[in-house]
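Residue numbers (our numbering): 18 to 305.
A virtual CB, placed ideally from N, CA and C, is assigned to each residue, including glycine.
Here the structure is a predicted model, which means the values were calculated and not measured.
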Ligand SMILES: [Zn+2]
């Protein structure tokens, strides 16, 4: 399942491919639920002729800023992804939507499991915060209901996000309204990096521990982005980037998917438990 680093990798590749600034000449929707609650015809009509001015991201959402103050938000969910073709195209078997851009470039939304979703919304709020949140090379973006982005969250924002909360740490990191962009892989990696037990409650953390957790999140997310994301498993729905390549981060994970194997620090076998319905791997020796 794509998390922030995978979505950011796709965003950067879309930029590099020169998708920004093009006009959507035509759109096709092959799987109606992708654009719910709109119908395919209403959706295609709405985006036709619009210029894709900018591609941003907030958490796991890709934000396509269209002219006329509207955003097309895309959530890849389990298996969504994009690929590009040039000129006359053939629909791929798992294509759920296709955008024909000016200049003969086609953007295909491929999604074997069909859980990916598009949302078209007015972006009054979006552009008004652009000037204040664009530091750090971060994509200036805000999707309502989401906490600060995990790639750019500042220490101050992180402390604020935790204020008054007393949640199990693993669940806290997965809660997109606290910090946006972290899923199961990077939650386990961040907690290992911070040497914190995933079952601890956030209300019991000292300021030192909160700082450590903030630093760990930034570090594992940045490393994930640097390595082009993480791919796990070999199924057809597995994450691949815009060029169909698996992420390079798989060899770098220290705990996720390594239950029973020795901890890279203390050599004790890693434990697997379930928290908030999610498999969680951690080192009982290192994480307190
Ligand atoms: Zn250990």
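Just to check, is the beta-carbon of residue i closer than 7 Å to a non-hydrogen atom of ligand 1?
{"i": "residue 282", "result": "yes"}
{"i": "residue 285", "result": "yes"}
{"i": "residue 302", "result": "yes"}
Within this structure, are the beta carbons of residue i and residue j separated by less than 8 Å?
{"i": "residue 239", "j": "residue 168", "result": "yes"}
{"i": "residue 76", "j": "residue 177", "result": "no"}
{"i": "residue 99", "j": "residue 41", "result": "no"}
{"i": "residue 175", "j": "residue 304", "result": "no"}
{"i": "residue 101", "j": "residue 34", "result": "yes"}
{"i": "residue 130", "j": "residue 51", "result": "no"}
{"i": "residue 185", "j": "residue 292", "result": "yes"}
{"i": "residue 320", "j": "residue 234", "result": "Beyond the ends of the chain as shown, which are 18 and 305, falls residue 320; an answer cannot be given."}
{"i": "residue 79", "j": "residue 64", "result": "no"}
Pull up the distance between the alpha-carbon of residue i and that of residue j, whole angstroms please.
{"i": "residue 20", "j": "residue 96", "result": "11 Å"}
{"i": "residue 108", "j": "residue 288", "result": "44 Å"}
{"i": "residue 187", "j": "residue 211", "result": "12 Å"}
{"i": "residue 70", "j": "residue 84", "result": "6 Å"}
{"i": "residue 171", "j": "residue 105", "result": "45 Å"}
{"i": "residue 162", "j": "residue 117", "result": "31 Å"}
{"i": "residue 30", "j": "residue 247", "result": "15 Å"}
{"i": "residue 32", "j": "residue 260", "result": "13 Å"}
{"i": "residue 136", "j": "residue 58", "result": "14 Å"}
{"i": "residue 231", "j": "residue 200", "result": "15 Å"}
{"i": "residue 198", "j": "residue 181", "result": "21 Å"}
{"i": "residue 103", "j": "residue 302", "result": "53 Å"}
{"i": "residue 127", "j": "residue 173", "result": "38 Å"}
What residues match up with residue i in a beta bridge as DSSP calls it?
{"i": "residue 139", "result": "87"}
{"i": "residue 22", "result": "Paired residue(s): none; residue 22 is not in a bridge."}
{"i": "residue 68", "result": "40"}
{"i": "residue 78", "result": "75, 92"}
{"i": "residue 176", "result": "In the DSSP output, where bridge partners are listed per residue, residue 176 has none listed."}
{"i": "residue 195", "result": "Partner(s): none; residue 195 has no beta bridge."}
{"i": "residue 101", "result": "124"}
{"i": "residue 114", "result": "46, 126"}
{"i": "residue 279", "result": "286"}
{"i": "residue 185", "result": "218"}
{"i": "residue 134", "result": "92"}
Go to residue i, then tell me how far its alpha helix (DSSP H) extends in each direction, as first and last residue.
{"i": "residue 225", "result": "224-243"}
{"i": "residue 205", "result": "201-210"}
For the beta strand (DSSP E) that residue i lies in, which residues bound it at each end?
{"i": "residue 122", "result": "122-127"}
{"i": "residue 299", "result": "295-299"}
{"i": "residue 292", "result": "288-292"}
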